[in-house]
Amino acid sequence: MTNSRNKPLSASTVAQPALGTSPKPRTRSNQVAARRLITSLLKHGALIFFGLFFIFPLIWMLSTALKTDRQVLSYPPSWVPSPVMWSNFIDAFFFVPFGTYLINTLIVTLLSVIGVVVSSVLPAYAFARMEWPGREWVFVLVISTIMLPFQVTMIPLYVIFSRIGWTNTLLPLIVPHFFGNAFFIFLFRQFFRGIPNELSDAALIDGAGELRILTSIILPLSKPAIMVVALFQFLNSWNDFLTPLIYLNDTRWFTISLGLAQMQSSYGLSRFSLIMAATSLFTVPVIILFFFAQRSFIQGITFTGMKG
Amino acid sequence: MTAAATRSQAEQRKQRKRFWKAMAFCSPWLIGFLCFGVIPIIASFYFSFTTYSVLQPPRWIGLDNYISMLTSDRLFWLALGNTLYYTVLSNLIGIVLALSLAMLLNMNVHGMTVYRTIYYIPVIIPIVASSIVWLWLFNPQYGVLNLLVRNLGIAPIPWLTDPGWSKPSLVLMSLWSVGNAVVIFLAGLQDVPKELLEAAELDGANEFQRIRSVMIPIITPVILFNLVIGLIGGFQVFSQAYIMTNGGPADSTLFYSLYLYQNAFRFFKMGYAAGMAWVLFLIILVATLLVFRSSSRWVHYSGE
Chain W
1 MTNSRNKPLS ASTVAQPALG TSPKPRTRSN QVAARRLITS LLKHGALIFF GLFFIFPLIW
61 MLSTALKTDR QVLSYPPSWV PSPVMWSNFI DAFFFVPFGT YLINTLIVTL LSVIGVVVSS
121 VLPAYAFARM EWPGREWVFV LVISTIMLPF QVTMIPLYVI FSRIGWTNTL LPLIVPHFFG
181 NAFFIFLFRQ FFRGIPNELS DAALIDGAGE LRILTSIILP LSKPAIMVVA LFQFLNSWND
241 FLTPLIYLND TRWFTISLGL AQMQSSYGLS RFSLIMAATS LFTVPVIILF FFAQRSFIQG
301 ITFTGMKG
Chain A
1001 MTAAATRSQA EQRKQRKRFW KAMAFCSPWL IGFLCFGVIP IIASFYFSFT TYSVLQPPRW
1061 IGLDNYISML TSDRLFWLAL GNTLYYTVLS NLIGIVLALS LAMLLNMNVH GMTVYRTIYY
1121 IPVIIPIVAS SIVWLWLFNP QYGVLNLLVR NLGIAPIPWL TDPGWSKPSL VLMSLWSVGN
1181 AVVIFLAGLQ DVPKELLEAA ELDGANEFQR IRSVMIPIIT PVILFNLVIG LIGGFQVFSQ
1241 AYIMTNGGPA DSTLFYSLYL YQNAFRFFKM GYAAGMAWVL FLIILVATLL VFRSSSRWVH
1301 YSGE
């Protein structure tokens, strides 16, 4: 009983002193400015602190890549390489068959990107812009496959691919991407649905087939979505470690991921500057790509994140 | 009568034609789903009831794989525990950190996009590259982290060489790629209606109250999304442990997927590994369902 009467009362008594002690206008504006400066400094301080946390390991990677092996293992660690061993990058390239790894990785990556775009666009079109019985039901099936962890199909896939003699070839890393990817089908579908119907209706009246509409109307308008999917798949293939690890054990077919992991486990600290140089060669193209395609990246992440 | 019948027949034929046309468009996915989905799923389920070394054909042993997994395999439970530890800790800290950073970035700071870019870069770094780089940062003698620690006057930390430190170290490393969640949170925060925040300010709410009672409720769906994605990823953590510690020291970083991989491709216990994969699927499914179940209590959906 007393509680309900107490509450509003105590609230007003709290508000009272704040009103009573209001400072003079000038000092107040100074105070506000000072407070704003302090909060701004704090904000940027925190942001820079975390920025260092995120960027520092990469700077350290590059710095180590440019050192001599002796400087790498000197104590205490020094920040700046001297002498600057630009030659490490060339040495790393020939110390392991990096060129072979690079070509393998490029083949896998480029073919996977092409395959996944072509094979995801078609089903997405059927889900987004065609009317047919059972459409929603099949779409739910597509989406539900996203939930399935890779580990469940990993073993039978390995058995199948080794039966047909595909181990130690790049095929298991490429071929599955020519059969659509549920997540990308979803992404394309969302995008296609946003394209106004009037555009394709006109073409339909003119007698164009669905395939024609897809290639001549929908796809030219879907460049941002294609860009996002291509980028995501590029990263998937370029960065993948588990799939090559399972299927490849002949260095002739190694991807860079696999080659680097092997380099690390067989040489470790003894040739560490070369390992770091190779790691940089592996990483820098991805970072450059990111800078060029940053907007697509951010769009893609937020797009999928928001619709999820 | 006959006219209506032929009309409905014609309609049916048209429907059928539409269906097959759509199937043609879906065929890449359908064929893939059959070859790389349905068949492997059935095979994997079958393998899980057999003992199978690839060299010899699978031999039916009923529930033995599941029984020995659950009752007599110490490493199975250890790996499960390690994975839960890693998943829970990296997700909890990761979400709090990502949300805090996103809120900082959302406060009208100059150079927001520059910060956002820097925070995001680690996400795109190949896992093999980041594993090797962090292995180097964690190096007990020449690593930079211990140099910092020594400069602070603390004894060097056995980051990856002590069973008590190895998992926290990998959690720390996981925070490095928190940028993905930051970007998603930031987009969610930018969708928070300005009027709501202004209304709260007029009502006398301070910054902290505005965050707690306006922003957080509105972005709870985004928290849910990041949590689910993070859980699924956490349960499948593999490459870091494979490259950096190979499960050691003293099996302290033997994660579920690593142990599954070892069973399949090192010990060639394919049947056992297939069984483990199904248990993993079940665990992920239950965890996701639990999170979704709990979400009705804490996730706030604004009316459409």
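Protein chains in written order, with the working numbering: chain W, 1 to 308; chain A, 1001 to 1304. C-beta: ideal position from N, C-alpha, C; glycine also.
Only residues of its own chain outside the window of five on either side were considered, and among them none has a CB closer than 7 Å to the CB of residue 265 of chain W. Proximity of residue 168 of chain W to chain A, defined by a Cβ-Cβ separation below 7 Å, is not satisfied.
With a threshold of 7 Å between beta carbons, residue 125 of chain W makes contact with chain A. Cβ-Cβ separation between residue 1032 of chain A and residue 179 of chain W: approximately 2 Å, consistent with a contact (criterion under 8 Å).
Ranked by Cα distance from residue 1021 of chain A, the first of W:122, W:97, W:40 and W:28 is W:122. Contact with chain A is found for residue 176 of chain W, since one of that chain's Cβ atoms lies less than 7 Å from the residue's Cβ. With contacts defined as CB atoms closer than 7 Å, residue 1253 of chain A and residue 1264 of chain A fail to qualify as a contacting pair. Of all alpha-carbon atoms in W:249, W:62 and W:219, the one lying nearest the alpha-carbon of residue 1137 of chain A is that of W:62. Given a length threshold of 3 residues, the segment 1090-1123 of chain A has no whole run of the beta strand (DSSP E) inside it.
Under DSSP, the beta-bridge partners assigned to residue 1060 of chain A are A:1050. Secondary structure note for residue 1141 of chain A: it is in no alpha helix (DSSP H), with a DSSP letter that is neither H nor E. Nearest CB-CB separation between residue 253 of chain W and chain A: not below the 7 Å threshold. Around the beta carbon of residue 1235 of chain A, 16 or more other beta carbons sit within 10 angstroms, so the residue counts as buried. Of all alpha-carbon atoms in W:294, W:153, W:209 and W:139, the one lying nearest the alpha-carbon of residue 190 of chain W is that of W:139. With a 10 Å radius around the Cβ and a threshold of 16 neighbouring Cβ atoms, residue 1238 of chain A comes out buried. Below 8 Å, too few C-beta pairs join the segment 1058-1066 of chain A and the segment 161-170 of chain W to call them touching: fewer than three.
Annotated three-state conformation of residue 74 of chain W is coil, per DSSP. Residue 1174 of chain A places its beta carbon 7 Å or farther from that of residue 1160 of chain A. Excluding residues up to 5 positions away in sequence, 263, 264 and 267 lie with their Cβ nearer than 7 Å to the Cβ of residue 275 of chain W in the same chain. When C-beta distances to chain A are compared with 9 Å, the residues of the segment 59-78 of chain W below that value are 60, 61, 64, 72, 73, 74, 75, 76 and 77, in chain order.
Residue 145 of chain W: not part of any alpha helix (DSSP H); DSSP gives it neither H nor E.
When the alpha-carbon of residue 1180 of chain A is set against those of W:38, W:59, W:297 and W:53, the nearest one is in W:297. Residue 1110 of chain A counts as exposed, since fewer than 16 other beta carbons sit within 10 angstroms of its beta carbon. Interface with chain W (7 Å Cβ-Cβ cutoff): residue 1212 of chain A is excluded.
In this structure the segment 282-300 of chain W does not lie against the segment 84-94 of chain W, because fewer than three pairs of beta carbons, one per stretch, are closer than 8 Å. Burial is judged here by how many other beta carbons sit within 10 angstroms of a residue's own beta carbon; residue 192 of chain W has at least 16 and is buried.
Interface annotation for the segment 134-158 of chain W against chain A: 134, 135, 138, 141, 142, 145, 147, 148, 149, 150, 151, 152, 153, 154, 155, 156, 157 and 158, criterion Cβ-Cβ distance under 9 Å. Close partners of residue 185 of chain W in chain A (Cβ separation under 7 Å): 1029. Not a single CB atom of chain W sits nearer than 7 Å to the CB of residue 1202 of chain A. The criterion of a C-beta distance shorter than 7 Å is satisfied by residue 96 of chain W and residue 259 of chain W.
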